[in-house]
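Q:
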Amino acid sequence: MSSAPELKATLSLPQTAFPMKANLPQNEPLRLKKWAEMRLYEKLRETCGGRPAYLLHDGPPYANGPIHLGHALNKGLKDFVVKSKTMAGFDSPYVPGYDCHGLPIEIKVDEQLGRKKLEMPAPAVLEACRAYAQKYIDLQTQQFERIGVFGRWQKPYMTMARDYEARTLEAFFGFLEKGFVYRGLKPVYWCIHDRTALAEAEVEYENHTSPSIYVRYKLTSAPEALSPALAGREVYTIIWTTTPWTIPASMAVTFHPDFEYVALATEEGSVYIVAAELAATVVAACKLGSTTELARIKGSELEHSTYKHPFLERSILGVLGTYVTADQGTGAVHTAPSHGADDFYTGQKYSLDQTCRVDSAGRLHADPQAWQLSSPPPFEDKTVWQANPIVVAMLEEYRALLAVSDLEHSYPHCWRCHNPVIFRATEQWFISLETPMKRDDSSETTFRQLTIEEIDKVVWDPSWGKERITNMIATRPDWCISRQRIWGVPIAVFLCEGCNDPIIDPALDKKIVGLFEREGAEAWHTAAISDLLPAGTKCPKCGGTTFRKETDILDVWFDSGTSWFAVCESDADLRSAYQSFQKGKATEVLYLEGGDQHRGWFHSSLLTSVALRGRAPYSHVATAGWTLDEQGRAMSKSLGNGVDPVDIAERMGGEIVRLWVASIDFREDMAASENLMARCAELYRKLRNTFRFLLGNLSGFDPARDRVLESGLLPLDRYMLARTRELTEKILGFYETFEFHRVYHAVNEFAIVDLSSFYLDVLKDRMYTFAPTSQERRSAQTVLWQITEALVRLVAPILSFTADEVWEYLPQVAGREESVHLTLFPKLEAIFSSDPAPMLDEWKQIFAVRDEALRVLEEARQAKRIGKGLEADIEIAASGDLLVLLHRHAAGLKEIINVSNVRVVESAQDVPLDVTALPASGHKCARCWNFMPEVSSYGIWQNVCTRCKNALKEMGINPPAGHEPPEAAA
RNA sequence: CCAGGGAUAGCUCAGUUGGCAGAGCGCGUGAUCGAUAAUCGCGAGGUCGUGGGUUUAACUCCCACUCCCUGGACCA
Numbered sequence: 026m027s028s029a030p031e032l033k034a035t036l037s038l039p040q041t042a043f044p045m046k047a048n049l050p051q052n053e054p055l056r057l058k059k060w061a062e063m064r065l066y067e068k069l070r071e072t073c074g075g076r077p078a079y080l081l082h083d084g085p086p087y088a089n090g091p092i093h094l095g096h097a098l099n100k101g102l103k104d105f106v107v108k109s110k111t112m113a114g115f116d117s118p119y120v121p122g123y124d125c126h127g128l129p130i131e132i133k134v135d136e137q138l139g140r141k142k143l144e145m146p147a148p149a150v151l152e153a154c155r156a157y158a159q160k161y162i163d164l165q166t167q168q169f170e171r172i173g174v175f176g177r178w179q180k181p182y183m184t185m186a187r188d189y190e191a192r193t194l195e196a197f198f199g200f201l202e203k204g205f206v207y208r209g210l211k212p213v214y215w216c217i218h219d220r221t222a223l224a225e226a227e228v229e230y231e232n233h234t235s236p237s238i239y240v241r242y243k244l245t246s247a248p249e250a251l252s253p254a255l256a257g258r259e260v261y262t263i264i265w266t267t268t269p270w271t272i273p274a275s276m277a278v279t280f281h282p283d284f285e286y287v288a289l290a291t292e293e294g295s296v297y298i299v300a301a302e303l304a305a306t307v308v309a310a311c312k313l314g315s316t317t318e319l320a321r322i323k324g325s326e327l328e329h330s331t332y333k334h335p336f337l338e339r340s341i342l343g344v345l346g347t348y349v350t351a352d353q354g355t356g357a358v359h360t361a362p363s364h365g366a367d368d369f370y371t372g373q374k375y376s377l378d379q380t381c382r383v384d385s386a387g388r389l390h391a392d393p394q395a396w397q398l399s400s401p402p403p404f405e406d407k408t409v410w411q412a413n414p415i416v417v418a419m420l421e422e423y424r425a426l427l428a429v430s431d432l433e434h435s436y437p438h439c440w441r442c443h444n445p446v447i448f449r450a451t452e453q454w455f456i457s458l459e460t461p462m463k464r465d466d467s468s469e470t471t472f473r474q475l476t477i478e479e480i481d482k483v484v485w486d487p488s489w490g491k492e493r494i495t496n497m498i499a500t501r502p503d504w505c506i507s508r509q510r511i512w513g514v515p516i517a518v519f520l521c522e523g524c525n526d527p528i529i530d531p532a533l534d535k536k537i538v539g540l541f542e543r544e545g546a547e548a549w550h551t552a553a554i555s556d557l558l559p560a561g562t563k564c565p566k567c568g569g570t571t572f573r574k575e576t577d578i579l580d581v582w583f584d585s586g587t588s589w590f591a592v593c594e595s596d597a598d599l600r601s602a603y604q605s606f607q608k609g610k611a612t613e614v615l616y617l618e619g620g621d622q623h624r625g626w627f628h629s630s631l632l633t634s635v636a637l638r639g640r641a642p643y644s645h646v647a648t649a650g651w652t653l654d655e656q657g658r659a660m661s662k663s664l665g666n667g668v669d670p671v672d673i674a675e676r677m678g679g680e681i682v683r684l685w686v687a688s689i690d691f692r693e694d695m696a697a698s699e700n701l702m703a704r705c706a707e708l709y710r711k712l713r714n715t716f717r718f719l720l721g722n723l724s725g726f727d728p729a730r731d732r733v734l735e736s737g738l739l740p741l742d743r744y745m746l747a748r749t750r751e752l753t754e755k756i757l758g759f760y761e762t763f764e765f766h767r768v769y770h771a772v773n774e775f776a777i778v779d780l781s782s783f784y785l786d787v788l789k790d791r792m793y794t795f796a797p798t799s800q801e802r803r804s805a806q807t808v809l810w811q812i813t814e815a816l817v818r819l820v821a822p823i824l825s826f827t828a829d830e831v832w833e834y835l836p837q838v839a840g841r842e843e844s845v846h847l848t849l850f851p852k853l854e855a856i857f858s859s860d861p862a863p864m865l866d867e868w869k870q871i872f873a874v875r876d877e878a879l880r881v882l883e884e885a886r887q888a889k890r891i892g893k894g895l896e897a898d899i900e901i902a903a904s905g906d907l908l909v910l911l912h913r914h915a916a917g918l919k920e921i922i923n924v925s926n927v928r929v930v931e932s933a934q935d936v937p938l939d940v941t942a943l944p945a946s947g948h949k950c951a952r953c954w955n956f957m958p959e960v961s962s963y964g965i966w967q968n969v970c971t972r973c974k975n976a977l978k979e980m981g982i983n984p985p986a987g988h989e990p991p992e993a994a995a
């Protein structure tokens, strides 16, 4: 290597320490640590103090496992909202929450404890549940922080916290005292072995052999009312069931209103009514022999027909139900309201007796009075399984049994003991949707109606959410809020031993809430009745003096549904902002969750808030779709198509997870896969490189010293500022409407099309070869700086790690914030002072000319007439207004077309535009590679153009001495 | 079965009040070693889910259907 100075060394090539390779998996944790050390979230709260508030209230995820992609999406979107609102000038605190009570955790803990649980005292079981939830709260917190979500992670809200449990109970008492709550029956799955109610999730379907029986019910209403052909005949209908033990509870026979039924006469004279479609199979199964069709009857006409119970003194009512199917059975369904969901609701509709005469151990009990029995029936005190053959025998005895056989079918079993379960109507707590309420103007309405009216005052995004939740509220049954479980907030109410009525006493309620505040929900299990209930308490209804504690707990949806009360109204960091929302419309309160929450959290929160405060708990509800795989299938463990956000963060970076969240329209279903994550990573690299190049070209630029005023900028540079203002305005709008995917696309397009492939490319000549302090170069740097300053802020809510990193490499400015996250979005006028539209319009024409020039150049290149851009000249012939415009911009055309020379000439009248590409004239400058009219030597450097010589002089670089003859090439 | 949503290039998304289908990525291909584990140019790729209707004209408006997704109902 020669020690002679190289010409290349005199160029101002980009220089920056900002690394090209991000190394996100290693570097993100370091940045997280830095943020923690500088207490960034707390600093944000201080900085934002006094600004108008914007509240995003967190829907609590369930703390029973590591986070999945849906969680990452959810928290990512929320983080975008909170950060963008903060940078838009709001005070937007974020208090994350966790849903802790409920079945999934209790089941897990059950599994861990095994049968030991049954002997453990309640507080010990609760302790185990708490520990389980806490473990996953800690894990999820760490995982959410890892993907860059800002929030009060040191102190999230938890539905199992003492004060939260106290507030939940307080909310329940509110319902109770205001008269929303009643106790009623509801059928639930019941395991008679474990003597417990089971939730849907605790039921497993296994094969089971049941007796399948056909039973005839004798018609007692007038046969001729159904059809004249039946007059005087002995008429029956036939029911089919696999649970003979429910026959004593049989209250009705359900027909399908739209089915056609036939009345078939057998040879021995009896007439049987069954569904026409099933007639043949029933006749065969019951061996009815040859039959004659006497009449056809529409199902709806069988309503209010009456029958006699096969062996009890009871009238059975003919009722209608559309759930009757023609797949199996007879089309006439035996209906025991206390032992089936359909049966129960049908029973409600027809006011049938719903009393359950099967006890918690599954033993049947007769009601001798109602049944007019002289002695206990043979099934008295037998379990349902023992009762089956007894009932079959009774049916036989009473000549009602037409057929019996064994049937193996899929039947619900207890998940734990694997015994078959039964349906049993049990007493539950309900909130009535028909509770009378008053509007603000004190007009009368109902809870349901007022809720629907409040829905209308909320902004639903997407808008169809309003219709969806309105439909749900309009048609939903009363809210069953009790669960026969332990892991939850107890329904801390005393029931009279005499009449089973609850004691409703605000003073007592307050006392119990206070107890919960101090000791948590455990207190209900440990406290003695006498400690809480004042001596001498009498039941206001029956005067009873002995009481018991209710052992049910509240539905977990009630827990999370009161978070607006337990958190927004109660937490010191949120209280005042939330109250200002409740008082008027000044403050927005946003709930943002998956669309499934229309029946979940949006729903339960709405109900509790309307009941207790007379209004919705939010002003704005945004919903996300579902995450699917690349083929549009739901993610599932069995398909193995899941994408684990934690894994992606560890391998590619949390930033990539964030970028994926930003890349899709979350309102619809969203595809995710390893492949799509890799795409985001690609794009990330491009963006990062663009930032790197921007920073590299800002080296040596001190805004305070070198910044060029807008009026002094070169036209191209001013144009780019106009573009940047346009982009900024667009992006701020997208943030405003939560269209993050549009931010993503707009930023990409700008970085790739406007910057990388146009402006930055075209600027190289100026940036590299002009003197560093020249006006032209400072003009470009001013704009590059402003673009970077704008872009880094615009991107910060999404690329939170990288933006903050870029921030550290920007030219230092006195008094600037420590982190990009403490800044505000750029102001439009600060980027470009006037409306950018006129300038953008003008440049559209210039770009049309440029496009044509590039096309012609490409053509010439293909024909090998020219090589690269700088080896060509361009001649543009135009006329009229365009010619005037081009003349005005003549000085800049060479740069934007990236050739050595551009000549603008007047074209013949009828040709609007004609572009010609020519081999460049002049000589190639060894320094700037432009073809120039004159090149000569500069010291030992040969073939240097005048422009470069001047630049070198300006840089203070004298012609270097050497042995070469000072002669220029021809 | 009920309610709600979706369908535009291989992928992610644009397509304003109906007027010749767009961008980026990816892919293919060329240039380049002064953004180089980079950068730039060029190219191929869509009957806008299907079938009707309204209109001079439909990706866009109307009707029906198919498929996918979400939530719920149901299996005596």
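Be aware that the first sequence starts at 26, since it is given in my numbering, and climbs by one per residue. We put the beta carbon where it would ideally sit given N, CA and C, even for glycine. Everything numeric in this text was worked out from a predicted model, so none of it was measured.
Taking C-alpha atoms, which residue in Asp-654, Pro-822, Pro-85 and Ile-689 lies nearest to Val-106?
A: In the first sequence, counting from the first residue as 1, residue 106 sits at position 81. Answer by Cα proximity: Pro-822.
Q: According to the neighbour-count rule (16 or more other Cβ atoms, all chains shown, within 10 Å of its Cβ), is Phe-872 buried or exposed?
A: For this step, residue 872 is matched to residue 847 along the first sequence. Exposed, by the Cβ-count rule.
Q: At what residues does the beta strand (DSSP E) containing His-912 begin and finish?
A: The count along the first sequence starts at 1 and reaches residue 912 at position 887. Segment 905-913 is the alpha helix (DSSP H) holding His-912; no beta strand (DSSP E) there.
Q: Look at the alpha carbon of Trp-966 and the alpha carbon of Ile-982, and state the distance between them as a whole number of angstroms.
A: What you label residue 966 is simply residue 941 of the first sequence in a count that begins at 1. What you label residue 982 is simply residue 957 of the first sequence in a count that begins at 1. If I take the Cα positions, the gap works out to 12 Å.
Q: Per DSSP, what are the beta-bridge partners of Asn-975 in this structure?
A: The sequence position of residue 975 within the first sequence is 950, counting from 1. According to DSSP, Asn-975 bridges with nothing at all.
Q: Which class does Glu-751 belong to by DSSP, given the choice of helix, strand or coil?
A: Position 726 of the first sequence, counted from the first residue, corresponds to residue 751. Glu-751 falls in the helix class under three-state DSSP.
Q: Among Pro-502, Glu-843 and Ser-688, which residue has its Cα nearest to the Cα of Lys-59?
A: The count along the first sequence starts at 1 and reaches residue 59 at position 34. Checking every option, the nearest Cα to that of Lys-59 belongs to Glu-843.
Q: Distance, Cα to Cα, Lys-333 vs Asp-83?
A: Against the first sequence, residue 333 aligns to sequence position 308. Against the first sequence, residue 83 aligns to sequence position 58. Computed Cα separation, rounded: 58 Å.
Q: Just curious, the alpha helix (DSSP H) that Arg-683 is in, first and last residue?
A: In the first sequence, counting from the first residue as 1, residue 683 sits at position 658. Taken as a continuous stretch (DSSP letters only), the alpha helix (DSSP H) holding Arg-683 covers 679-688.
Q: Does His-914 pass the burial test, meaning 16 or more other C-beta atoms within 10 Å, or should it be called exposed?
A: Position 889 of the first sequence holds residue 914. Buried, by the Cβ-count rule.
Q: Which same chain residues, not among the five before or five after Thr-355, have their C-beta less than 8 Å away from its C-beta?
A: If you number the first sequence from 1, residue 355 lands on position 330. The residues are Tyr-239, Thr-262, Ile-263, Ile-264, Trp-265, Val-299, Ala-300, Leu-303 and Val-307.
Q: Compute the Euclidean distance between the alpha carbons of Met-660 and Ala-158, then round it to the nearest angstrom.
A: Within the first sequence, numbered from 1, the residue matching residue 660 stands at position 635. Within the first sequence, numbered from 1, the residue matching residue 158 stands at position 133. Between Met-660 and Ala-158, the C-alpha separation is close to 25 Å.
Q: Any chance the stretch 610-618 sits against the stretch 630-645, with 3 or more Cβ pairs inside 8 Å?
A: These segments touch.
Q: CA-CA distance, Gly-625 and Glu-707?
A: Looking up residue 625 in the first sequence gives position 600. Looking up residue 707 in the first sequence gives position 682. Gly-625 and Glu-707: Cα-Cα distance of roughly 37 Å.
Q: State the DSSP-derived secondary structure class of Ser-27, mapped to helix, strand or coil.
A: Working through the first sequence from its first residue, we reach residue 27 at position 2. Low per-residue confidence applies at Ser-27: pLDDT is 43, beneath 50, and the placement is therefore not dependable, though the value from the model is reported in the following sentence. Looking at Ser-27 - three-state DSSP - the assignment turns out to be coil, as it is neither helix nor strand.
Q: Look at the alpha carbon of Ala-191 and the alpha carbon of Asp-596, and state the distance between them as a whole number of angstroms.
A: Taking the first sequence and counting its residues from 1, one reaches residue 191 at position 166. Taking the first sequence and counting its residues from 1, one reaches residue 596 at position 571. Rounded to the nearest angstrom, the two C-alpha atoms are 14 Å apart.
Q: Is the distance from the Cβ of Pro-670 to the Cβ of Thr-753 below 9 Å?
A: To locate residue 670, count along the first sequence from 1; it is residue 645. To locate residue 753, count along the first sequence from 1; it is residue 728. No, the Cβ-Cβ distance between Pro-670 and Thr-753 is not below 9 Å.
Q: Tell me which residue opens and which closes the beta strand (DSSP E) that Lys-574 is part of.
A: Locating residue 574 in the first sequence gives position 549, counting from the first residue. 572-574 is the span of the beta strand (DSSP E), which, as asked, contains Lys-574.
Q: Tell me the start and end of each unbroken beta strand (DSSP E) in the stretch 569-643 that is at least 3 residues and wholly inside, in chain order.
A: Runs found: 572-574 and 613-619.
Q: Tell me which residues share the same chain as Ala-945 and place their Cβ nearer than 6 Å to its Cβ, disregarding the 5 neighbours each side in the sequence.
A: Residue mapping note: residue 945 aligns to position 920 of the first sequence, counting from 1. Taken in chain order, the residues that qualify are Glu-896, Ala-897, Asp-898, Ser-925 and Phe-956.
Q: Tell me which residue opens and which closes the alpha helix (DSSP H) that Trp-954 is part of.
A: Within the first sequence, numbered from 1, the residue matching residue 954 stands at position 929. Looking at the DSSP string, Trp-954 is not in any alpha helix (DSSP H), and its letter there is neither H nor E.
Q: Just curious, the alpha helix (DSSP H) that Lys-789 is in, first and last residue?
A: Sequence index remark: in the first sequence, residue 789 carries index 764 (1-based). Where Lys-789 is concerned, the enclosing alpha helix (DSSP H) stretches over 789-794.
Q: Per DSSP, which residues does Leu-98 bridge with? Please list them.
A: Residue numbering aside, residue 98 sits at position 73 when the first sequence is read from its first letter. According to DSSP, which records beta bridges pairwise, Leu-98 is partnered with nothing at all.
Q: For Pro-985, collect the residues of the same chain with a Cβ closer than 6 Å to its Cβ; drop the 5 residues on either side in sequence, then sort them by chain order.
A: Here residue 985 corresponds to residue number 960 of the first sequence, with the count starting at 1. Around Pro-985: Pro-30, Gly-964 and Ile-965.
Q: Hey, out of Ser-117, Gly-725 and Thr-184, whose CA is closest to Gly-21's CA?
A: Since the first residue shown for the chain is 26 and the last is 995, residue 21 is missing from the structure and cannot be characterised.
Q: Do Cys-154 and Pro-118 have their beta-carbon atoms positioned less than 9 Å apart in this structure?
A: Position 93 of the first sequence, counting from 1, holds the residue named residue 118. Position 129 of the first sequence, counting from 1, holds the residue named residue 154. In this structure, Cys-154 does not lie closer than 9 Å to Pro-118 by Cβ.
Q: Which whole-angstrom value describes the C-beta separation of Ser-340 and Thr-245, a residue pair presumed to lie in contact below a C-beta threshold of 8 Å?
A: Translated into positions along the first sequence, residue 340 becomes position 315. Translated into positions along the first sequence, residue 245 becomes position 220. Indeed, because the Cβ distance is near 7 Å, the residues count as touching under 8 Å.
Q: Work out the CA separation of Val-874 and Leu-80 for me, nearest whole Å.
A: Numbered from its first residue, the first sequence carries residue 80 at position 55. Numbered from its first residue, the first sequence carries residue 874 at position 849. The alpha-carbon atoms of Leu-80 and Val-874 are separated by roughly 50 Å.
Q: Anyone know if the C-beta pair for Thr-371 and Pro-362 falls short of 9 Å?
A: Locating residue 371 in the first sequence gives position 346, counting from the first residue. Locating residue 362 in the first sequence gives position 337, counting from the first residue. Yes, the Cβ-Cβ distance between Thr-371 and Pro-362 is below 9 Å.
Q: Given that a residue counts as buried once 16 or more other Cβ atoms are within 10 Å of its Cβ, and exposed if not, what is Ser-237?
A: Indexing the first sequence from 1 puts residue 237 at position 212. Classification of Ser-237: buried, given that the 10 Å Cβ count is 16 or more.
Q: Can you give me the Cβ contacts of Gly-95 inside the same chain, cut-off strictly under 7 Å, excluding the 5 residues immediately before and after it?
A: In the first sequence, counting from the first residue as 1, residue 95 sits at position 70. Taken in chain order, the residues that qualify are Gly-619 and Thr-652.
Q: How big is the Cα-Cα spacing for Leu-684 and Val-344?
A: Here residue 684 corresponds to residue number 659 of the first sequence, with the count starting at 1. Here residue 344 corresponds to residue number 319 of the first sequence, with the count starting at 1. Taking the straight line from one Cα to the other gives about 58 Å.
Q: I'd like to check one pair, Ile-480 with Thr-470: are the Cβ atoms closer than 9 Å?
A: Indexing the first sequence from 1 puts residue 470 at position 445. Indexing the first sequence from 1 puts residue 480 at position 455. Against a cut-off of 9 Å, the Cβ pair of Ile-480 and Thr-470 comes out as no contact.
Q: If you reduce the DSSP assignment to three classes, tell me which class Cys-521 lands in.
A: By one-based count along the first sequence, residue 521 stands at place 496. Strand, per DSSP.
Q: Could you work out which residue in Trp-512, Gly-894 and Phe-448 is closest to Lys-142 when comparing CA atoms only?
A: For the purposes of this step, residue 142 is identified with residue 117 of the first sequence, where counting begins at 1. Checking every option, the nearest Cα to that of Lys-142 belongs to Trp-512.
Q: Use the C-beta contact count for Glu-884: other C-beta atoms within 10 angstroms, 16 or more gives buried, fewer gives exposed.
A: As a working mapping, residue 884 is identified with position 859 in the first sequence. So Glu-884 counts as exposed.
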